[in-house]
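Chains as they are written, first to last, in my numbering: chain D, 1 to 506; chain Y, 1001 to 1402. The C-beta atom is built at its ideal place from N, Cα and C for all residues, glycine as well. Since the model is a prediction, treat every value here as computed from it, not as a measurement.
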Amino acid sequence: MAATGLLAHCLRDRLETIGELVSDIRGILSYGAYVPRRRLQRSAIHAANKWFAPALGAMAKGERAIANWDEDAITMGVEASRDCLDGYDRASLSGVTLASVSHSFADRLNAGIIKEALDLSDTIAADDRGGSLRAGTSALLSALQGSGSAHLIAAADLRKARAASDAEMLQGDASAAVLVGNGDDVIARLVASHSVTVDFVDHYREAGEEYDYAWEPRWIREIGHGGILTGAIRDCIDRSGLDAASIEHAIIPLTARGAAASVAKKSGLSPDALVDPLGATIGDCGTAHPLLMLTQTLDAAQPGEHVLVAGFGQGADVMIFQITAAINSVRRGRLEKQLARGIQDSNYMRFLAHRGVLDIEKGMRAELDEKQPSTSLYRNRKAVFALVGARCTKTGTVQFPASDIGVNPNDHSIGTQEPYPLAERSARVLSYTADSLAFSLDPACYYGTIDFEGGGRIAVEFAEVSAEDVDVGSQMRMVFRIKAYDSLRHFRKYFWKATPISQGDA
Amino acid sequence: MARGIKDKVAIIGMGCARFGERWEDNADTLMVEAFTEAVADAGIDTSQIDAAWQSVGFDGVNIGPSGIPTSIALRLPNAGVTKVENYCASGTDAFRGAVYAVASGGADIALAIGVEKLKDTGYGGLPVRTRGSTWDMIGVTGSAPGNFAQLANGYRAKHGIDAADLKRAMAHVSVKSHANGARNPKAHLRNEIDIDKVMNAPMIAEPLGLFDCCGVSDGAACAIVTTPEIARSLGKQDLVMVKALQLATSNGWEMQQAGGWDGSYIHTTRIAAKRAYEEAGIKNPRAELDLLEVHDCFSITELVVMEDLFVSQEGKGWTDVLDGFFDADGEIPCQIDGGLKCFGHPIGASGLRMIYENYLQLQGRAGDRQRAKPPKLALSHNLGGMPSQNVSAIAIVGTEDA
C-alpha cells in the first residue's frame, strides 16, 4: 500500500469520529432488493431443450428467478425501491434513476413512472441509464460523485432470451435499489472508485432488436474478465491504498462457475471475500446484478469492513466502500427474505409464453382494445400510478378513487377531500374469486374486493396467488404491476394489485 | 314516499321470441317476432302506439346508440323511441319508461321492447368491453361469473356455511330451473339435469361451475301498456295490473367502505324491494307473493336474492332452496319458466321476459308449466352490474283484485 494512500485512509477513519464532518460524507443510506417469486428450475429448461441442445446439461443446475407476465424493469424497480425506502422520508429525495438494458419504453422516461409509483414530489430529477450491463454501477457511481439530497438508484432487468440459449439458462429477473446521500446515517461510504471504457463486444443487441448476440465464452473470460475487469479492479484497489487481501467482501457479478473466483485470484483478493454470485438461486440479473449482490453483502457486513463492487460491460466500474457503524441500526435480511419467498416452478412453457417467445393462442377475450388515452392517464395519474385515494376532512371517510362528492351516506359533503395514499397500507380480503373465464396470461385470474387498514376499499386484481394463499379475511399488500398491454399501439398500462402478505412481502 | 304506480297501468299485450342461439336472426327479426305476438295479443294496430322504450345491454354487438332501429324494424308511426341502457336491468327499465309514460298521460298506449343479439360475439359468455377510460385504468376486467362468484364467497363467509353445503344448495337452484325450462317451448336450454352433473361440472369462477351460470342467448321480449280505462274500452277483461315498479341504483357506497357492506348481499335489491312492497301494499312478501322471477344470472344470485327480497330470512335462503320452497311445486315457485338459467339471458330482453312469464301465469296461459293454484301477485327482479355496484329493478304485477 502506498504511504500516501495509507495516510489518507487513516485520516478518513479519524475524520469519521468528528461529528461536524461526518454529515459531509456521501455514501449509501439504504438498500433494497426484489426477486420475483417464481424460480424456474434449470433442469426443466434442459429437459425441454436437450433434444436440440444437449450441452445445456452442463448448466442445468439450480434455479433462476422469473418475473411474472405483469412485471417488467419498471415494476421490479418499484418493488426494490419500496424495500429501500422503507422507513425513509420520500420527500427528502432529489433524484431517481432506473438502470436497465431492458427498459420498457425507448422514448418515455421509465424512471418517471417509478417516480409516480413511489408518489415522489414532482420537483425531482429523474433519468434512465442503460446501454450496457454496467449501467447499474455507473448510475450508482454518478450518484456517489454527485451532491445534494438523497438520490435513489434502481436497477432492474427482465431480458428476453431465445429458447435453448445459454442466456435463457444463466439469466435471472430481479431488481435492486440503493439510496445515496449524505449524513451520519450513511451505512457505507465510498473509499475509492475507478472506471474504464473499452468497446469490448462480448454480446450486443442493436436498437429495436429482441435478442442478444453473444460471442465465445472462453474469449470473454480470458480477455474481458481476466484482462479488462481484473485490471480495473487492481487499479481501483491501488487508488484506495488498501491491501487487496484485506478487503472483506468482493462483489464480482459473474455467475458462470468459477468466473468470479478466477478474477478475484488474479486481482489479489481473498477467496474468502467472494460474495455469492447468486447464479444458483437467482441467475444473472444484468444491470441489477452488482447491486443485488451488494444488498446481500449489506445484509451481513460489519462496521469497518470494506466492500468492493464491480460492474462489467464495455469496460468496468469498480467501487470500494467502507461499512460504518450506522449499518447496525438498519433492518437486515432483505435479500434473504427475497430468496426465502421463492417457489419452485418447472413450467417452462408458461415461462416461454410470458416472455413472448411462444406465441400462444390467447382467445377472443384477449381482444379487448386497451387503448389508453394520454389525457385521462395524466389527469388520473395519482390514482393510477400511486394509488392515492381520498380522505374526507370532515368525516374521515377514506375512499378510492377520490370524488368531488364524498361517499359517506351520512354526509355527502362536496369538496372536502384530501389526497390519501393507499399503496403502503395493508388490506383484508372482503370477497374474491378465481376466474377461469376472464382472460389472464396467468390463469386463473384472481381478483376480489379488499378493505384497507384505516379505511378505503377497492376491487382489484390479485398477483402471485394460488388457491391455498387466499380466503375471505386474508391479509394483503399492494404491488405495482402491469395491468394490461395495448398490443395495437405498443403501450403498457400499470396499476396496483393485491398480493398475500405471506407471499409478496418485500 | 311518492304516491306510486299501483293499478294505474295495465298490460294489454306481451310477446317473447324464442330464446337461444338464433344464428339466422338479426336484432330486428327477433324484435319483430316478439312484437307481432304482443300486438296480436293486445288486439291493437301499430299505429296506436304513442311512444316506445327500447332496451339493449351491449351496444357494441347490437344496434347502435339510438331508438331508430326499433322504429325501423317495427315501422312505428314516427313515435318517440328512447333507447335504454342499464346493464342487465335494461328490460325492466324500458318497461318503467313505458308505464310511466302512460301513467303520466303522456301516452295512451306505450311499448317497451328489449332485444339482445349476443351470439355474434364469437365466444360464450358476455362480451368483454370497456367501461370507460377512467374505469379501465383502475377497475378489474373480470367476467360476470367472477364478479358473482365473490357474492358466493362473501355469503359463505358471512353466515359460516360450509362450502360444500352452499355448493349443493346452488346446485339445487340450477337443477330446479332446468326442470322448469324443459317444459317451456321458448326456452334456450330444455334439458333436465341432476345434482351430480352440476357438482362435477368444470369450474368457471370459484366456486361457480358451468351449471351455476345462466345461458347467454339471443332474444327479444316486449310489452304493450295502457291505462285500465283504455284497456277496458278495447274490450279487455281480467286485466293484469302494474302494482309496483322500482329501480335502485348503487351510488358507490358498497364499493367504498363508507358503511360496511360485507359482500354477502345485494344492497340495491333490498332497497328496491322495500320500496316496491310499500308501493304495492305488500306487508308480508313470503305470505302474499305467488310467483317469483328473479335475476338468476348465477345460482348464487338467485339464492341470495331470496333473502334480499325478504322472502327468506337472512342466512336461511340456502336452506329454503334445499327444502324445495322455490321449486315449481313449492310454496313460491321461482323461475317457473326456467329463468335466465334456462329460458336464457338476452340482456336487454330479460326483464321483459320475466314480466312476460308472470303475465301469462296470472292469466292462466302458461301451458304445461302453468301454476295450478291461480296466482294473483307475481314479482320480477332484474339486476344489472355486479354485486358491489349495480342496478336493481323490481316489477310487481297482479290481478285486478290483488
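Worksheet entry | Interface residues of chain Y facing GLN399 of chain D [CB-CB closer than 9 Å] | GLY1252, MET1255, GLN1256, GLN1257, ALA1258
Worksheet item: Going by alpha carbons, who is nearest to ALA1107 of chain Y out of Y:LYS1158, Y:VAL1391, Y:ILE1224?
Response: Y:ILE1224
Discussion item. Tell me which residues share the same chain as VAL1311 of chain Y and place their Cβ nearer than 6 Å to its Cβ, disregarding the 5 neighbours each side in the sequence.
Written reply: PRO1285, ARG1286
Fill in: GLY304 of chain D beta carbon less than 8 Å from that of ILE323 of chain D
yes
Discussion item. Suppose the cutoff is 7 Å on Cβ atoms and the five residues either side in sequence are ignored; what does the same chain contact list for GLY1260 of chain Y look like?
Written reply: none
Practice prompt. Kindly say whether VAL1056 of chain Y, judged by its beta-carbon, lies nearer than 8 Å to any beta-carbon of chain D.
Written response: no
Fill in: Cβ-based neighbour list, ASP1059 of chain Y, same chain, cut-off 8 Å, excluding 5 preceding and 5 following
PRO1065, GLU1085
Worksheet item: For ASN1390 of chain Y, which of helix, strand or coil comes out of DSSP?
Response: strand
Worksheet item: Would you say SER436 of chain D reaches chain Y, if we count a Cβ-Cβ gap shorter than 8 Å as a contact?
Response: yes
Worksheet entry | DSSP-derived helix/strand/coil call for GLU79 of chain D | helix
Worksheet item: If SER81 of chain D sits next to ALA154 of chain D, beta carbons under 8 Å apart, how far is it from one beta carbon to the other, in whole angstroms?
Response: 5 Å
Worksheet item: If you run the structure through DSSP and keep just helix, strand and coil, what is THR97 of chain D?
Response: strand
Fill in: Expected contact under 8 Å - CB spacing of VAL307 of chain D and ALA188 of chain D to nearest Å
6 Å
Worksheet entry | Minimum Cβ-Cβ distance from VAL22 of chain D to chain Y less than 8 Å | The predicted position of VAL22 of chain D is uncertain, since its pLDDT is 45 and thus under 50; a value taken from the coordinates is nonetheless stated next. Chain Y contact via Cβ: absent.
Fill in: Limits of the alpha helix (DSSP H) - the one that VAL1102 of chain Y falls within
1090-1104
Discussion item. Could you compute how far the alpha carbon of SER1380 of chain Y sits from the alpha carbon of PHE462 of chain D?
Written reply: 36 Å
Discussion item. Based on DSSP bridge pairs, tell me the residues matched to GLY1182 of chain Y.
Written reply: Residue identity check: residue 1182 of chain Y is Ala in the sequence provided, not Gly. Note: ALA1182 of chain Y sits in no beta bridge, so no partner.
Practice prompt. Determine the burial state of TRP1318 of chain Y: buried for a count of at least 16 other Cβ atoms within 10 Å of its Cβ, exposed for fewer.
Written response: buried
Worksheet item: For ILE1072 of chain Y, which residues from the same chain have a beta carbon less than 8 Å from its beta carbon, with the 5 sequence-adjacent residues on both sides left out?
Response: ASP1028
Worksheet item: Going along chain D, which residues have a C-beta under 9 Å from PRO1145 of chain Y?
Response: THR433, ASP435, SER436, LEU437, ALA438
Worksheet item: Short check: CB of MET1241 of chain Y to CB of ASP1045 of chain Y, under 8 Å?
Response: no
Item to complete: Just the chain D side, please: which residues come within less than 7 Å of GLN1150 of chain Y by C-beta, in chain order?
Response: SER431, TYR432, THR433, GLY448, THR449
Fill in: the segment 364-372 of chain D touching the segment 476-494 of chain D, judged by at least three CB pairs closer than 8 Å
yes
Discussion item. Give me, in chain order, the residues of the same chain whose beta-carbon lies closer than 6 Å to that of SER193 of chain D; leave out the 5 immediate sequence neighbours on both sides.
Written reply: LEU141, MET319
Worksheet item: Going by beta carbon distance, what residues of the same chain come within less than 7 Å of ALA484 of chain D, once the five residues before and after it are set aside?
Response: GLU370, LYS493
Item to complete: Would you mind telling me which residues of chain Y sit closer than 8 Å to PHE495 of chain D, beta carbon to beta carbon, in chain order?
Response: MET1137, ILE1138
Worksheet item: MET1241 of chain Y bridges to which residues according to DSSP?
Response: Y:ALA1010, Y:GLY1398
Worksheet item: By the criterion of Cβ-Cβ separation under 7 Å, what are the contact partners of MET1203 of chain Y in chain D?
Response: SER436
Discussion item. Please report whether the beta-carbon of MET364 of chain D lies at a distance below 8 Å from any beta-carbon of chain Y.
Written reply: yes
Worksheet item: Which chain Y residues are close to ALA383 of chain D, counting only those with a beta carbon under 9 Å from its beta carbon?
Response: THR1134, MET1137, ILE1138
Worksheet item: Is it the case that the Cβ atoms of ALA1017 of chain Y and ALA1182 of chain Y are separated by a distance below 8 Å?
Response: no
Worksheet item: ASN1184 of chain Y versus chain D: which residues are under 7 Å apart at the beta carbon?
Response: Neighbours of ASN1184 of chain Y on chain D: none; closest Cβ ~26 Å, over 7 Å.
Worksheet item: The alpha helix (DSSP H) with CYS1222 of chain Y in it runs from where to where?
Response: Element bounds for CYS1222 of chain Y: not the alpha helix (DSSP H) but the beta strand (DSSP E), 1219-1226.
Worksheet entry | Inter-residue Cα distance where the pair is LYS1197 of chain Y and ASN110 of chain D | 52 Å
Discussion item. Which residues in chain D have a C-beta closer than 7 Å to the C-beta of GLY1209 of chain Y? List them in chain order.
Written reply: What GLY1209 of chain Y touches in chain D: nothing, since even the nearest Cβ is about 10 Å away.
Worksheet item: In whole angstroms, what separates the C-alpha of LEU1309 of chain Y from that of GLU1302 of chain Y?
Response: 10 Å
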